[in-house]
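For reference, the structure is listed below as C-alpha cells.
Numbering (this note's numbering), first residue to last: 637 to 774.
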C-alpha cells in the first residue's frame, strides 16, 4: 500500500476532485496529511505544519481536516480514547494498532475475512466496517 507523494499540483487536483476549493491553507494541510505514511492526529499535523507555517491556526487545521473527512478525502481512525487519527488511504482496509509504540499499520482488506455479517441483518443495517486489531507488532 505504498503511494507516491503528491506535489502541489497533485494536491490541488485531489482537492478539486473532491469538491474542495484549494486555498493555500487547505493545500498546506493536505500536503501534510495526504502525503503522510503514518496515521497522524490533528495535533501532530498542526505541529508539523507550524514548523514552517506559524500563521496557520489550530482551528484552521481542525476545520480543514473535518472538511476533508466530510468530502471523502481522509478517513477518521478512532483508535485512542478521545483522539482521532487521520488516514489518507480511503480504499477499504483494516488497521493494526501497536499498543506499545502507538503506531498504526494498514492491513490489506483481503487479509482478514469477516463472514458473519449476514447474521446481523435482522438487527443492524451495516453500511461499512473495518477491523481494528490491537496488540504488539513483532
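Using N, Cα and C, we set each Cβ at its ideal position, and we do this for glycine too.
On the criterion of 16 or more Cβ atoms from any shown chain inside 10 Å, does residue 693 qualify as buried, or is it exposed?
exposed
Tell me where the beta strand (DSSP E) around residue 771 begins and ends.
768-771
Which word fits residue 651, buried or exposed, when buried means at least 16 other C-beta atoms lie within 10 angstroms of its C-beta?
The residue is buried, with at least 16 neighbouring Cβ atoms inside 10 Å.
Considering Cα atoms alone, identify which of 720, 714 and 645 is closest to residue 681.
720
Need the endpoints of the alpha helix (DSSP H) that residue 735 sits in, please.
For residue 735, no alpha helix (DSSP H) segment is defined, and its DSSP state is neither H nor E.
Whose C-beta lies closer than 6 Å to the C-beta of residue 711 among residues of the same chain, with five residues either side of it excluded?
723 and 726
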